Amino acid sequence: MIKVHDFHKSFGDKLVHKGVSFEVQKGECLGLIGGSGVGKSVILRSLIGLEKPDRGLIEIDGVIITGLNERELVDIRKKVAYIFQGGALFDSMTVFENLAYPIREHSKTNEAALTEKVLSQLQQFGLQGSEYVYPAQLSGGMQKRVGIARAMMMNPEFVLYDEPTAGLDPFNTKKIQELILHLKSTGVTSILVTHDMPTAMAVCDRLVFLLNGRIEAQGTLAEVKSESNPLIKKFIDGEAS
Amino acid sequence: MPFVKFWNDQLEFYGGLTLLFKQVIHDTFSGKFYWRLLFDQILQVGVKSLPLVLITAASTGMVMALQFGVGLEKFGGKLYVPKLVALIILREMGPVFTSLMVAARIGAGFASEIGSMVVTQQIDAIRAMGTSPIKRIVIPRVLACLIALPILTASANIVGNLGSLWVGAYELDLDGNFYLLKILSTVTLKDYFSGFFKTFFFALFIALPACYFGLTVTKGTKEVGIATTKAVVVGSIMILVGNYFLSKLFWIIGTVL
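These protein sequences, in sequence, are chains A and B.
Start counting the first sequence at 994; every next residue gets the next number (the working numbering).
Start counting the second sequence at 685; every next residue gets the next number (the working numbering).
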């Protein structure tokens, strides 16, 4: 379970979050939506300790992570996978080495077992044959899939997706949606930050709509759409405001 | 106010550098150590810098021998050329010029590579996967400089003196054996080590600011360029200014011992 309580965050004079609170139940997929610059990714980054909130609490799997230092965060980070918007693949490593990275760092798996696991993961994500190429030689869609495949190598209990379908064509978007749904079916708890409403509608159980540093609406798609604020309906329907 | 901003920036830089150094020392002796990454960096810093360092050393030694030879000949002091050049190379020019060349080549490389990793969120990815960018990125680079720079300087000292010997023998008409004998009889271990020990400080002056400027990139690719320039400028200034104080320190130590 993920709990965010009274989350405040500012950058310089700009107050981005003014007390955001929400919960994500085990096995649930929560969509964090809102216009550009409302700080969706800031919340996501804070959930894994890449940013520190100015005030408020973040609890993951019963552990309050606000206030933990880098060393103390390691155990939580092993359970939480973060899918970066641009993939954040290590460009000096091959796809194989990228996928092997978390295993080599956190377990003592022998090379034969590691190779088998990486190849099987590549197969599962439709990336077979690309193990010895470098990230720069892959298309955007493939890079995102490699990013997800790498994040899944440690069998995480929680997955945080930061705009996983941004900049992708409809075919690759569909593939990413299927991957998210597949992972959800395995019981993974996830949060999806996105502008892509069709994807949010396809994979999320609940939505949280952020506006002006606060939660403007939250609930199921129907509940969020029924809110009185016309901006929310326009955002969900993809109309110009 | 520009004056206040300048001092704030200086405090932030030296404070950040001190914290980074403290973390490097702590993390070097705790947890996993990345030997392969260290060897990769030694190859980059040491082996690949060798041609540049040796060319610089040879030309510096040759030019110094020529200038001292021409200058001192008027006063009948040409015979002092080997002594002067050897001492200057061992005590000052060898370590300083080698470090400046490495600062330009490696400092710039460190800052731009790390800065690009920050911009493309690779540093965040290292942290998000429960690993440390200090252990994986900074420590191998700092240690590689600490290991490679003294070796590069030792090589530069030899080649610099050989360059001066060549000019002495073929341009200044000094006997080659006399020149070599004069070098060997002049320089002492104290001269050698006063230059050699400086290189450990210079290695830190190159690696730490370069890693710091790379890691503190926040605003995209334009700032990577700025970080690269800062790494070279700050590293070079620290070497040049630090050299005076280190020379003074080693001079004092030398008189005590």
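Think of the CB as a built atom: it goes at the ideal place given N, C-alpha and C, for glycine as much as any other residue.
All figures in this text were calculated on a predicted structure; none of them were measured in a lab.
Assigned with DSSP and collapsed to three states, A/F1151 falls in strand. Taking CB atoms only, A/A1081 has a neighbour in chain B less than 8 Å away.
A direct Cα-Cα distance of roughly 14 Å separates A/K1002 from A/G1060. Per DSSP, the unbroken alpha helix (DSSP H) holding B/L703 starts and ends at P686 to T712. Contact note: A/V1067 reaches chain B through G814, using a C-beta cutoff of 7 Å and chain order. Looking at the backbone, the Cα of A/G1028 and that of A/V1201 are separated by about 12 Å.
Looking at the DSSP output, A/T1182 bridges to A/F1151. In this structure, A/S1039 keeps its C-beta atom at 8 Å or more from the C-beta atom of A/K1033. Nearest to B/D724 by alpha-carbon distance, out of B/F690, B/R820 and B/A749, is B/R820.
It is roughly 29 Å from the alpha-carbon of B/K914 to the alpha-carbon of B/F713. Taking CB atoms only, B/D693 has no neighbour in chain A less than 8 Å away. Close partners of A/K1071 in chain B (Cβ separation under 9 Å): M813 and G814.
Within chain B, no residue has its CB atom less than 9 Å from the CB of A/P1046, the nearest being about 17 Å off.
Distance from the CA atom of B/I810 to the CA atom of B/L856, rounded to whole angstroms, is 58 Å. Of all residues in the region 789-821 of chain B, those with a C-beta nearer than 7 Å to a C-beta of chain A are T804, Q805, Q806, D808, A809, R811, A812, M813, G814, T815 and S816, reading in chain order.
Residue-level contact by beta carbon fails for A/L1037 and chain B, as no gap is shorter than 8 Å.
Secondary structure at B/F881: coil, using DSSP grouped into helix, strand and coil. In the DSSP assignment, A/C1022 forms a beta bridge with A/S1183.
As computed with DSSP, A/L1203 is found in a beta bridge with A/G1027 and A/I1208. In this structure, the beta-carbon distance from A/A1195 to A/T1187 does not fall below 8 Å.
For the C-beta of A/L1092, not a single chain B residue is nearer than 8 Å; the gap to the nearest is close to 11 Å. With a contact defined as Cβ atoms closer than 8 Å, A/K1227 and A/K1218 miss out at about 11 Å. Residue-level contact check: A/E1098 touches chain B, since one or more beta carbons of chain B fall below 8 Å from its beta carbon. Note that the region 1133-1148 of chain A touches the region 1081-1099 of chain A; at least 3 beta-carbon pairs, one per stretch, sit closer than 8 Å.
Using a Cβ-Cβ cut-off of 7 Å, A/I1041 is close to A812 of chain B, given in chain order. Inter-residue distance for A/E1016 and A/V997 is about 6 Å (C-alpha atoms, whole angstroms). About 7 Å separates the beta carbon of A/A1081 from that of B/T804, a gap short enough to meet the 8 Å contact definition.
In this structure, A/E1098 places its C-beta atom within 8 Å of the C-beta atom of B/M813.
Per DSSP, the unbroken beta strand (DSSP E) holding A/D999 starts and ends at I995 to F1004. Residue pairing from DSSP places A/K1011 in a beta bridge opposite A/H1001.
Separation of B/A887 and A/Q1117 (C-alpha to C-alpha, rounded to the nearest whole angstrom) is 47 Å. The closest CA to that of B/D711, considering only B/L827, B/M785 and B/L738, is found on B/L827.
Around A/E1109, no beta-carbon contact reaches into chain B at under 7 Å, the shortest distance being about 21 Å. According to the DSSP assignment, A/V1073 belongs to the beta strand (DSSP E) that extends over V1073 to I1076. Interface annotation, A/E1063: in contact with chain B, CB-CB separation under 8 Å. Residues of chain B whose Cβ lies closer than 9 Å to the Cβ of A/Y1075 are, in chain order, D808, A809, A812 and M813.
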